[in-house]
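Position in the sequence shown (first residue = 1) + 9 = my numbering.
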Amino acid sequence: MSYYLALKGIYETHERWLMPAVLLSGVTADFVTFRTIRIGTAFALLGLYLLLAGLAIGLINTSDASGRTCGGTLRSYLWVAAPVVLQFAFGALLSASFIFYWFSGALSVSWPLLLLTAFLMASNDVFRRWFLKPIVQLTVYFFVLLSLASLVLPYFLNSVAGWVFVLAGCVSLATMYGYLRVLFSLAQDLRPIRTMVLGSIGVVFLVMNGLYFTGIIPPIPLSIREAGVYHDVERTGADYTLLAERESLPGRLLPGQVIHVQDPGRVYVFSSVFAPADLETVIAHDWFYFDETSGEWIDRGRPTFPIRGGREGGYRGFSYTSDVDEGRWRVDIETGRGQVLGRLRFRIELVDEAPRLIELTR
């Protein structure tokens, strides 16, 4: 009994900082493990986190008042631990997709999850109150369930087609339906909010599908390993030879590269896209020029090339334009159906003398 009261006292005293600290530990666990283990093992860990989160939610919402206050029983110890386990599991699951893109260099893709994680860790008081509500727990649980399914299925089916995301949604809905049936049968107090829970899950499902099919959500598990703008790109055997301008340290750190081109000339974009083994798809480089007169981005072409996954450094490819105008440019690196994997922004300046170039090998 004394051990239980001591454990409960420690939890209640330090709950305010303990929750975000455990959430951060879940994120850290992803950073460490996903860089050192096989992808199959990583998926197994994510499945374990998902199972732990489901069990924690069930325990939190099915323990009655006597079970929560009766010290010394196994159930009472588990009830004290359940919120901590839930935060750790949610931290790991929410950061999982982010980790895959962060280490691939596609910060433009991963920033929403980074922002979400930072918000959850910073909002200690709001975060704690929110996660005491079953509807919030279950909504977030469905979100991570759908995210995990949309990450795992493309690996096993070797496809990033739209139907795979639809299948992931259907699997998530079916799994969540079975989970809720068990939970509602055990937790009678949750039945009055059943309609609200189902409604929130439906909203998450529709919003995620809307974002995916409008190209806002990138097609997991494709990710950018490298992308840049060059003066020339040539394939030499198994490697690519790139001609790049020398840049100062501030130039490398600041966004928006400047390319100095003699007219007439060409500008090349080289990219390396990671994909799982046996996955075959199409990558496009969509070139845009900003017309200062109209204030609009003008499409200057969208060359495509096929890729096949399995190479650790990513599948390499390039495109170029000879229609060079001075001003602002961007190139969207996309899938064949227009989902953006990354975006390059740069400025072209026409010069009389060729800039000093260096040779790179990729």
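We put the beta carbon where it would ideally sit given N, CA and C, even for glycine. Please read all numbers here as calculations on a predicted model, not as lab measurements.
Mark D361 as exposed unless 16 or more other C-beta atoms lie within 10 angstroms of its C-beta, in which case mark it buried. Working through the sequence shown from its first residue, we reach residue 361 at position 352. With fewer than 16 other Cβ atoms within 10 Å, it is exposed.
Going straight from the alpha carbon of L61 to that of A90, what length do you get? Indexing the sequence shown from 1 puts residue 61 at position 52. Indexing the sequence shown from 1 puts residue 90 at position 81. Roughly 11 Å between the two C-alpha positions.
Which residues in the same chain as R365 place their Cβ atom closer than 6 Å to its Cβ, once the five residues preceding and following it in sequence are excluded? Numbered from its first residue, the sequence shown carries residue 365 at position 356. So the list reads R255, once near-sequence residues are dropped.
Can you give the beta carbon distance from R337 to F299, rounded, assuming they're within the 8 Å contact cut? Reading the sequence shown from its first residue, position 328 is the one you call residue 337. Reading the sequence shown from its first residue, position 290 is the one you call residue 299. Confirmed, Cβ separation roughly 4 Å.
Is there contact between the region 151 to 166 and the region 178 to 186, where contact requires at least three CB pairs shorter than 8 Å? yes
Which whole runs of the beta strand (DSSP E) in the region 270 to 321 are 3 residues long or more, in chain order? 276 to 283, 289 to 300, 305 to 308 and 313 to 317
Would you mind stating whether R309 and F297 have Cβ atoms separated by less than 8 Å? Mapped onto the sequence shown, residue 309 falls at position 300. Mapped onto the sequence shown, residue 297 falls at position 288. Against a cut-off of 8 Å, the Cβ pair of F297 and R309 comes out as a contact.
Under 8 Å, do Y164 and I48 count as touching if we go by C-beta distance? Start at 1 with the first residue of the sequence shown, and residue 164 comes out as number 155. Start at 1 with the first residue of the sequence shown, and residue 48 comes out as number 39. Yes, the pair counts as a contact, with Cβ atoms nearer than the cut-off.
Report the option in A363, A196 and A101 whose CA atom is closest to the CA atom of Q271. For the purposes of this step, residue 271 is taken as residue 262 along the sequence shown, with counting starting at 1. Of the candidates A363, A196 and A101, the one whose C-alpha sits nearest the C-alpha of Q271 is A363.
Buried or exposed, going by whether 16 or more other CB atoms sit within 10 Å of the CB of Y186? Residue mapping note: residue 186 aligns to position 177 of the sequence shown, counting from 1. With fewer than 16 Cβ atoms within 10 Å of its Cβ, Y186 is classed as exposed.
DSSP three-state label for T71, please. Locating residue 71 in the sequence shown gives position 62, where the first residue counts as 1. Looking at T71 - three-state DSSP - the assignment turns out to be helix.
Rounded to a whole number of angstroms, what is the C-alpha to C-alpha distance between T245 and L95? What you label residue 245 is simply residue 236 of the sequence shown in a count that begins at 1. What you label residue 95 is simply residue 86 of the sequence shown in a count that begins at 1. Those two C-alpha atoms are separated by around 52 Å.
Please report the Cβ distance between V238 and F355, rounded to the nearest whole angstrom; I am assuming they are in contact, meaning their Cβ atoms lie under 8 Å. On the sequence shown, position 229 is the one that residue 238 refers to. On the sequence shown, position 346 is the one that residue 355 refers to. Between F355 and V238 the Cβ distance is about 5 Å, and since that is below 8 Å, they are a contact.
Note down the Cα distance separating I380 from P315, rounded to an integer number of angstroms. No answer is possible for residue 380: it lies beyond the span of the chain, which begins at 10 and ends at 371.
Neighbourhood of S4 by C-beta, 7 Å cutoff - its chain only, sequence neighbours within 5 removed: Residue 4 cannot be examined here, being either before or after the span of the chain that is shown, 10 to 371.
V349 and E343 - do their beta-carbons sit closer together than 8 Å? To locate residue 343, count along the sequence shown from 1; it is residue 334. To locate residue 349, count along the sequence shown from 1; it is residue 340. Yes.
For L102, verify whether its CB is less than 7 Å away from any heavy atom of the ligand NAD. Among the ligands in the structure shown, none appear at all, so the ligand NAD cannot be discussed.
What residue from E301, D241, V282 and H294 has the CA that sits closest to G274's CA? Walking along the sequence shown from the start, residue 274 turns up at place 265. It is D241.
By DSSP, does A363 sit in helix, in strand, or in coil? The count along the sequence shown starts at 1 and reaches residue 363 at position 354. A363 falls in the coil class under three-state DSSP.
Given that a residue counts as buried once 16 or more other Cβ atoms are within 10 Å of its Cβ, and exposed if not, what is W172? As a first step, residue 172 is located in the sequence shown; it is residue number 163 there, counting from the start. Exposed, since its Cβ has fewer than 16 Cβ neighbours within 10 Å.
Quick check: the Cα distance between V56 and Y329, rounded to an integer number of angstroms? As a position in the sequence shown, residue 56 is number 47, starting the count at 1. As a position in the sequence shown, residue 329 is number 320, starting the count at 1. Sequence inspection shows Gly at residue 56; the Val mentioned does not correspond to that position. The alpha-carbon atoms of G56 and Y329 are separated by roughly 43 Å.
What is the DSSP secondary structure of S328, counted as helix, strand or coil? Within the sequence shown, numbered from 1, the residue matching residue 328 stands at position 319. Of the three classes helix, strand and coil, the one that applies to S328 here is strand, per DSSP.
What are the residues that DSSP puts in a beta bridge with D241? Working through the sequence shown from its first residue, we reach residue 241 at position 232. D241 is bridged to L252.
Per DSSP, what kind of secondary structure is V169 in: helix, strand or coil? For this step, residue 169 is matched to residue 160 along the sequence shown. Here V169 sits in coil by DSSP.
Tell me the residue span of the alpha helix (DSSP H) that contains T204. Counting from 1 along the sequence shown, the entry for residue 204 is found at position 195. Where T204 is concerned, the enclosing alpha helix (DSSP H) stretches over R203 to F222.
Which whole-angstrom value is the C-beta distance of D341 and D295, which I expect to be below 8 Å? Within the sequence shown, numbered from 1, the residue matching residue 341 stands at position 332. Within the sequence shown, numbered from 1, the residue matching residue 295 stands at position 286. D341 to D295, Cβ: 4 Å. Contact.
In angstroms with no decimal places, state the Cα-to-Cα distance between P92 and P201. Within the sequence shown, numbered from 1, the residue matching residue 92 stands at position 83. Within the sequence shown, numbered from 1, the residue matching residue 201 stands at position 192. Computed Cα separation, rounded: 23 Å.
Opposite A236 in the DSSP bridges: which residues? For the purposes of this step, residue 236 is taken as the residue at position 227 of the sequence shown. DSSP output for A236 lists S280 as bridge partner(s).
Per DSSP, what kind of secondary structure is Q348 in: helix, strand or coil? Along the sequence shown, one-based indexing puts residue 348 at 339. DSSP places Q348 in coil when its eight states are reduced to three.
Buried or exposed for V213, going by 16 or more other Cβ atoms inside 10 Å? In the sequence shown, the residue the question calls residue 213 occupies position 204. Classification of V213: buried, given that the 10 Å Cβ count is 16 or more.
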